[in-house]
Amino acid sequence: MKSYRKELWFEVPARSGWVNITPRVEECLRESGVSEGLVLVNAMHITASVFVNDDEAGLHHDFERLLERLAPHEPIRQYRHNDTGEDNADAHLKRQLFGREVVVSVTAGALDFGPWEQIFYGEFDGRRRKRVLVKIIGE
Amino acid sequence: MKSYRKELWFEVPARSGWVNITPRVEECLRESGVSEGLVLVNAMHITASVFVNDDEAGLHHDFERLLERLAPHEPIRQYRHNDTGEDNADAHLKRQLFGREVVVSVTAGALDFGPWEQIFYGEFDGRRRKRVLVKIIGE
Amino acid sequence: MKSYRKELWFEVPARSGWVNITPRVEECLRESGVSEGLVLVNAMHITASVFVNDDEAGLHHDFERLLERLAPHEPIRQYRHNDTGEDNADAHLKRQLFGREVVVSVTAGALDFGPWEQIFYGEFDGRRRKRVLVKIIGE
């Protein structure tokens, strides 16, 4: 069994944003030499998500509006987590709704995707350097 | 390490619907010959989900109502994604909330499930042929 | 390839609650002898979640409020699943929103976590014994 690990770093300049990380995961897969197996891609922070969806700007706007409606940033004081001095309770909630990780099949050395699947890093508490873990196992 | 891959195809006749795909995943597992490992089951489309829950019609109705309340289909024009000519922005959002994939343990050649766990394909933009990927790795 | 399986049992004394199961998953990992691979941790019940987030009491309160707002327990009769005699339809819905499972990378014999990642069991229909499955594969 082969095993490969890499951290991808990001600094999203606003509090929230979406980064298409598919090309970087594909680069990891090439480096790994794995042709059959699984790729795990997960946020290493608990105020960010990794998920698979479409690379379309209108949709990303709709994602942002959905999450802001379900777990609004303000008022800050509505969340008990923010009593600790933080202002990012909403970011923890948004991450819960969009998920931590994706597991993707590797077949014949490629990400085994349907026609529109793209891997995204979803940032909900940005303006600092944060990480995604790529772990690949297989043969 | 053994590796197995199969696509399951569906055509849900309405815009949304739930399909219990557990028997088809079990058939894949038998074909794979894997007795210890992991099964990944994921939607290959970004307007559908794969998840584990109960096969009970009342609950499926409740799922549909929850998702329609959180990400309503209409009015179509509330979503920027639909400015592209699509009418399925809500389907992308519903899929985000219900997830893309499940990973299931394989033990002694069977899906290693608790008493009521069943795998579902959740369709949010049906009336056309769509796919689920089953990938199995192990020994 | 090594393979390891263990069930962890819980009895949360209230209808809902959060249990940090990270130390128990770490103990499984030590027992498994796996140093490179993947850990799957999933609820074996469909009214509970396993997820990764922060071990902070204020945040757990915020999680509970979010889920109660999105899928309230009462009125019981609002859910068709409860027509079957159950009163836990909301627990099935909450579990959908918070997810069934996490997959965690194993690197150099340890859970490969960012600074604040902790694994939680989220109970939405407690007051009875329930289980989580830990499955580890690797070398």
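Sequence order for the protein chains is B, H and X. For the first sequence, this note's numbering assigns the number 104 to the initial residue and increments by one for each residue that follows. For the second sequence, this note's numbering assigns the number 104 to the initial residue and increments by one for each residue that follows. For the third sequence, this note's numbering assigns the number 104 to the initial residue and increments by one for each residue that follows. Note that beta-carbon positions come from the ideal geometry of N, C-alpha and C, so glycine has one too. Values in this document were obtained by computation on a predicted structure and should not be read as measured data.
Taking 8 Å as the CB threshold, H/R230 stays off the interface with chain B. For H/D157, a Cβ of chain X is located within less than 8 Å of the residue's own Cβ. Counting C-beta pairs with one atom in each stretch, the stretch 209-224 of chain H and the stretch 154-166 of chain X have fewer than three that are closer than 8 Å, which means they do not touch. Excluding its 5 nearest sequence neighbours in each direction, B/K105 has C-beta neighbours in its own chain below 8 Å: S135, G136, V137, G140, I239, I240, G241 and E242, listed in chain order. Taking a beta-carbon distance threshold of 8 Å, X/Y224 does not count as an interface residue toward chain H. Under DSSP, H/F223 forms a beta bridge with H/N123 and H/F154. In this structure B/T187 is exposed. Its beta-carbon is surrounded by fewer than 16 other beta-carbon atoms within 10 angstroms.
Residue environment analysis places H/E204 among the buried positions, since at least 16 neighbouring C-beta atoms fall within 10 angstroms of its C-beta. Inter-residue distance for X/W219 and X/A151 is about 22 Å (C-alpha atoms, whole angstroms). Our two residues, B/L169 and H/A211, have alpha carbons roughly 42 Å apart in a direct line. In this structure, the beta-carbon distance from B/L111 to B/R230 does not fall below 8 Å. Between X/S208 and B/L214, the CB-CB gap reaches or exceeds 8 Å.
Straight-line measurement puts the Cα of B/L196 at about 7 Å from the Cα of X/F166. In the structure shown, B/G188 adopts coil according to DSSP, grouped into three states. Around the beta carbon of H/A117, fewer than 16 other beta carbons sit within 10 angstroms, so the residue counts as exposed. In the three-state scheme derived from DSSP, where H, G and I count as helix and E and B as strand, X/I149 is classed as coil.
If you ignore the 5 residues before and after X/A194, its C-beta comes within less than 7 Å of the C-beta of T150, F227 and D228, all in its own chain and listed in chain order. Close CB contacts of H/K109 within its chain, under the 7 Å cut and outside five residues either way in sequence, are with C131 and V237 (chain order).
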